[in-house]
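> Would you mind keeping the following structure in view while I ask a few things?
Numbering (full-length UniProt numbering), first residue to last: 1 to 772.
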């Protein structure tokens with residue numbers, strides 16, 4: 001039983017209904033109701049309460065789906081809490097417009113928001129059977145749904161309940177607001193808003209979403225039988241749910257009721273009605289899936305876009321806080337166009353999947369990112385896994401391509417793919433590619449290294465290091481040869497002629513940073529993502545970075561030294577097509593163009609007669625530069641390479657299983673036994689497949705010519721290594737510290753001894769046995 005009515009707040013009595021019926025005409029004109037005197041104090045109190053009600057409905061946008069699009073405009077993913085796609089009335093079938101009016105409000109075009117005739121009839125019926133007839137017009141229903149939507153968007157759960165409470169006071173408030181709304185908007189605007197906000201069951205809201213879900217079509221293309229069915233559902237979406245086979249007969253009866261109403265009101269003739277009634281009810285349930293998990297091979301790219309918008313600082317136009325932006329993504333109705341190139345993504349998916357199948361027993365993962373030099377556009381992001389929370393080795397929601405902050409891992413040690421940083425610093429110091437350097441294995445005092453002008457450690461701290469093949473890379477060689485063959489001894493001695501602060505500055509100029517914040521190993525007072533400037537073994541790639549960071553760093557070389565902040569969003573428009581502020585393209589010259597050109601030349605032999613020679617050059621004749629990388633025990637392997645058009649990184653490494661990562665030594669990967677895995681074993685061939693497909697149809701472009709002053713005088717060449725063997729040695733340091741530089745797929749797992757901030761740690765970290 002409803003509570004006893006209040007004279008001020010609830011119109012539950014017969015006298016109140018009499019007042020309502022008398023004032024219906026005034027309501028239709030949007031006027032206030034005068035006191036009735038003889039009707040009594042209680043009735044006048046009701047009238048006074050009515051006049052105190054709000055007389056204007058706040059114009060609040062309804063929640064709408066946000067769409068993420070690829071660069072070509074194709075849909076990647078949809079985000080929503082309420083599945084709704086608002087459309088103009090012109091994009092709604094005339095059948096639907098007529099059907100909803102016929103069944104819900106046949107005098108819609110005659111009344112002023114409150115239907116006096118329908119209200120009087122409801123009063124009589126409700127006196128005999130309370131609650132059996134509501135007499136709500138489409139305008140009143142719009143008001144009710146709008147109030148619910150306002151409360152929902154404000155996070156007001158109580159307000160949502162109040163907007164639908166079965167009380168007469170709520171109905172009177174709706175009447176008041178409906179009358180006012182009719183004076184503010186045209187009938188067409190009201191009908192459009194109603195059809196867009198109406199609930200059709202489950203998460204299906206609005207006629208466009210309903211047409212797609214129940215019939216696999218659009219609101220504009222709805223046929224008469226389909227429109228009649230959807231119009232009939234609004235009375236009780238759960239009772240007439242045509243996605244439930246057990247309710248089809250009931251739903252069919254409701255559809256035919258609507259068709260008969262349309263016929264009785266002259267909206268359709270008898271032959272049209274009869275033909276529609278004779279037609280079978282044929283639902284075609286077509287869900288609109290929510291979120292990145294349904295984005296197929298675009299899922300990891302989608303996940304990065306979502307996390308960047310919500311967790312980054314560049315999209316505050318969508319909300320000041322992370323919570324605000326997450327809410328806006330599901331309710332704002334934005335259209336977000338991204339940089340995703342589906343052609344490259346398709347090629348990358350094929351390549352990583354063929355290299356290591358998702359369910360391969362080895363539990364080896366591979367990830368790839370492609371960036372456009374000169375713009376920072378991230379064109380592709382993929383890994384050989386399925387984006388899913390389901391159990392199984394083929395599934396993961398960790399995005400191996402990105403930083404931890406944006407849904408990624410803690411990154412992976414980069415091995416010798418870090419050596420180009422030292423090479424660029426070498427060239428920036430005025431040294432040349434053909435400079436002579438000793439590449440032999442051996443030992444070096446940590447005090448030989450400088451940090452910001454000062455020597456590091458003491459002469460008693462010794463770093464012992466080695467190369468991959470004992471005695472094969474002894475003696476003097478050119479820096480160019482040392483680069484092609486990735487000779488540890490040479491690069492360690494090159495770094496000793498430089499300043500570690502300069503090396504770190506070069507890394508920063510390339511956009512390099514740690515994939516996750518860690519305690520600063522140099523001063524231990526804070527957490528940072530900066531590349532440390534106090535670890536001599538940094539030359540061997542001992543800190544964790546993401547594949548996207550590496551692809552974009554090498555893109556800086558490809559663009560002639562111009563670093564661009566990675567971008568994945570090119571535009572955001574609101575539901576009305578208005579552009580929303582997004583981060584602008586941010587490119588600047590951070591590496592001297594001559595240094596970039598010489599570094600590119602220095603890296604040009606990897607695929608021809610260097611450590612990835614077994615992979616070979618690109619088949620279309622396009623020149624490419626790049627570098628392999630392998631960490632101790634084949635824990636992480638890489639190939640990062642670029643052409644003038646594209647820069648792509650490929651990482652291959654074991655996943656974390658039960659807190660550990662098994663080295664890729666003596667394992668079967670994709671059915672092939674691997675005694676060791678190097679950067680040239682899986683990563684380089686995968687890179688080649690991706691790049692050849694991505695460059696198909698594109699004209700061959702040339703890199704800038706290197707300045708002869710940085711190339712230097714050519715020496716007698718030393719025979720190059722022509723297989724895929726990378727430098728991987730067993731050097732030992734004399735330090736006592738332990739670092740936490742493990743290449744882990746999740747933060748806080750997997751330690752790699754070494755990586756501290758003193759000389760001994762410099763030696764201990766990876767022992768000088770890093771990749772080529």
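Ideal Cβ positions, reconstructed from N, Cα and C, are used throughout, including at glycine.
Along the chain, where does the beta strand (DSSP E) that runs through residue 501 open and close?
The residue given as residue 501 occupies position 501 in the chain shown. Taken as a continuous stretch (DSSP letters only), residue 501 belongs to no beta strand (DSSP E), being part of the alpha helix (DSSP H) at 500 to 509.
> Could you check the C-alpha separation between residue 107 and residue 83 for me, to the nearest Å?
As a working note, residue 107 is residue 107 in the chain shown. As a working note, residue 83 is residue 83 in the chain shown. Rounded to the nearest angstrom, the two C-alpha atoms are 30 Å apart.
> Threshold first: 3 residues or longer. Then list the beta strand (DSSP E) segments lying entirely within the stretch 446 to 502, N to C.
With a minimum length of 3 residues, the continuous beta strand (DSSP E) runs that stay inside the stretch 446 to 502 are 462 to 465, 476 to 478.
> Whose CA, out of 342, 306, 313, lies closest to the CA of residue 326?
Translated into positions along the chain shown, residue 326 becomes position 326. Answer by Cα proximity: 306.
> On the premise that residue 348 lies in contact with residue 380, defined as a C-beta separation below 8 Å, what is that separation, rounded to the nearest angstrom?
Taking the chain shown and counting its residues from 1, one reaches residue 380 at position 380. Taking the chain shown and counting its residues from 1, one reaches residue 348 at position 348. Right, the Cβ-Cβ distance comes to about 5 Å (below 8 Å), so this counts as a contact.
> Between the beta-carbon of residue 699 and the beta-carbon of residue 555, is there less than 8 Å?
Numbered from 1 along the chain shown, position 699 holds the residue referred to as residue 699. Numbered from 1 along the chain shown, position 555 holds the residue referred to as residue 555. No, the pair does not count as a contact, with Cβ atoms beyond the cut-off.
> Counting only the same chain and skipping the five closest in sequence on each side, list residues whose C-beta sits under 6 Å from that of residue 528.
What you label residue 528 is simply residue 528 of the chain shown in a count that begins at 1. Correct list, in chain order: 520.
> Exposed or buried, which one is residue 774 when buried takes at least 16 other CB atoms within 10 Å?
There is no way to answer for residue 774, as the model of the chain reaches only from 1 to 772.
> Given this structure, state the Cα-to-Cα distance separating residue 574 from residue 170, to the nearest angstrom.
As a working note, residue 574 is residue 574 in the chain shown. As a working note, residue 170 is residue 170 in the chain shown. Rounded to whole angstroms, residue 574 to residue 170 spans 33 Å at the Cα level.
> Give me, in chain order, the residues of the same chain whose beta-carbon lies closer than 8 Å to that of residue 149; leave out the 5 immediate sequence neighbours on both sides.
Against the chain shown, residue 149 aligns to sequence position 149. Counting only Cβ-Cβ distances below 8 Å, and skipping sequence neighbours, we find 60, 62, 63, 197.
> On a Cα-Cα basis, can you pick out the residue from 248, 165, 287, 115 that is closest to residue 217?
As a position in the chain shown, residue 217 is number 217, starting the count at 1. Residue 217 has its Cα closest to that of 287, out of 248, 165, 287, 115.
> Please state whether DSSP places residue 77 in a helix, a strand or coil.
As a first step, residue 77 is located in the chain shown; it is residue number 77 there, counting from the start. Strand, per DSSP.
> Okay, do the stretch 627 to 641 and the stretch 601 to 616 touch, 3+ Cβ pairs below 8 Å being the bar?
Cβ pair count under 8 Å is three or more, so yes.
> Whole angstroms are fine: how far does the CA of residue 270 sit from the CA of residue 264?
On the chain shown, position 264 is the one that residue 264 refers to. On the chain shown, position 270 is the one that residue 270 refers to. Roughly 9 Å between the two C-alpha positions.
> What first and last residue would you give for the beta strand (DSSP E) that runs through residue 69?
One-based indexing of the chain shown puts residue 69 at position 69. Unbroken beta strand (DSSP E) run through residue 69: 66 to 69.
> Can you tell me which of 177, 112, 400 puts its alpha carbon nearest to the alpha carbon of residue 58?
Stepping through the chain shown from its first residue, residue 58 is reached at position 58. Ranking 177, 112, 400 by Cα distance to residue 58 puts 177 first.
> Could you tell me whether the stretch 385 to 398 touches the stretch 576 to 591, using the rule of 3 or more Cβ pairs below 8 Å?
Too few Cβ pairs lie closer than 8 Å, so no.
> Given residue 25, which residues of its chain have a CB within under 8 Å of its CB, disregarding the five upstream and five downstream residues?
Your numbering for residue 25 matches position 25 in the chain shown. Low local confidence applies: a pLDDT of 49 at residue 25 is under 50, so the model's placement there is unreliable, and no value is given.
> Hey, could you find the ends of the beta strand (DSSP E) residue 437 is sitting in?
Position 437 of the chain shown, counting from 1, holds the residue named residue 437. Taken as a continuous stretch (DSSP letters only), the beta strand (DSSP E) holding residue 437 covers 436 to 438.
> Compute the beta-carbon to beta-carbon distance between residue 848 and residue 262, rounded to the nearest angstrom, for a pair I have assumed lies under 8 Å.
Residue 848 is absent from the structure shown; the chain starts at 1 and stops at 772.
> When the Cα atoms are used, what is the spatial distance from residue 22 to residue 190?
Against the chain shown, residue 22 aligns to sequence position 22. Against the chain shown, residue 190 aligns to sequence position 190. Residue placement at residue 22 is flagged as unreliable, the pLDDT there being 47, under the threshold of 50; the coordinate-derived value follows with that caveat. Looking at the two C-alpha atoms, the distance is approximately 25 Å.
> Jot down the residue ranges of each uninterrupted alpha helix (DSSP H) in the stretch 515 to 590, minimum 4 residues, whole runs only, in chain order.
547 to 558, all fully within the stretch 515 to 590.
> Measuring straight from C-alpha to C-alpha, what distance separates residue 420 and residue 201?
Sequence index remark: in the chain shown, residue 420 carries index 420 (1-based). Sequence index remark: in the chain shown, residue 201 carries index 201 (1-based). Spanning the two alpha carbons is a distance of roughly 58 Å.
> Counting only beta-carbon separations shorter than 8 Å, does residue 77 have a partner in chain D?
The structure shown contains no chain D; it holds only a single protein chain.
> What are the boundary residues of the beta strand (DSSP E) that residue 653 is part of?
In the chain shown, the residue the question calls residue 653 occupies position 653. Its beta strand (DSSP E) spans residues 647 to 654.
> What would DSSP say about residue 159, mapped onto helix, strand or coil?
Along the chain shown, one-based indexing puts residue 159 at 159. Correct three-state label for residue 159: helix.
> Ignore the nearest five residues each way along the sequence and tell me which others in residue 285's own chain have a CB closer than 7 Å to its CB.
Your numbering for residue 285 matches position 285 in the chain shown. Cβ within range, chain order: 213, 214, 243.
> Between which residues of its own chain and residue 147 is the CB-CB distance below 7 Å, once the five residues before and five after are set aside?
Taking the chain shown and counting its residues from 1, one reaches residue 147 at position 147. Counting only Cβ-Cβ distances below 7 Å, and skipping sequence neighbours, we find 163.
> Check this for me: beta carbons of residue 509 and residue 545, under 8 Å apart or not?
Along the chain shown, one-based indexing puts residue 509 at 509. Along the chain shown, one-based indexing puts residue 545 at 545. The answer is no: Cβ separation not under 8 Å.
> Verify whether the separation of the beta carbon atoms of residue 443 and residue 457 is less than 8 Å.
To locate residue 443, count along the chain shown from 1; it is residue 443. To locate residue 457, count along the chain shown from 1; it is residue 457. Contact flag unset, no.
> Measure the C-alpha to C-alpha separation of residue 550 and residue 181 and round it to an integer number of angstroms.
Looking up residue 550 in the chain shown gives position 550. Looking up residue 181 in the chain shown gives position 181. So the alpha carbons of these two residues sit roughly 57 Å apart.
> Which residues does DSSP list as the beta-bridge partners of residue 676?
On the chain shown, position 676 is the one that residue 676 refers to. Looking at the DSSP assignment, residue 676 forms a beta bridge with 665.
> In three-state terms, what does DSSP make of residue 213?
Here residue 213 refers to the residue found at position 213 when the chain shown is read from its first residue. Of the three classes helix, strand and coil, the one that applies to residue 213 here is helix, per DSSP.
> Is residue 650 closer than 8 Å to residue 677 when the C-beta atoms are compared?
The count along the chain shown starts at 1 and reaches residue 677 at position 677. The count along the chain shown starts at 1 and reaches residue 650 at position 650. Not closer than 8 Å, so no.
> Assuming residue 69 contacts residue 382 (C-beta within less than 8 Å), just tell me the rounded distance between them.
As a first step, residue 69 is located in the chain shown; it is residue number 69 there, counting from the start. As a first step, residue 382 is located in the chain shown; it is residue number 382 there, counting from the start. Not really, about 18 Å apart at Cβ, beyond 8 Å.
> Rounded to whole angstroms, what's the CA-CA distance from residue 539 to residue 672? Just pull it up for me.
Numbered from 1 along the chain shown, position 539 holds the residue referred to as residue 539. Numbered from 1 along the chain shown, position 672 holds the residue referred to as residue 672. Using only the alpha carbons, I get a separation of about 31 Å.
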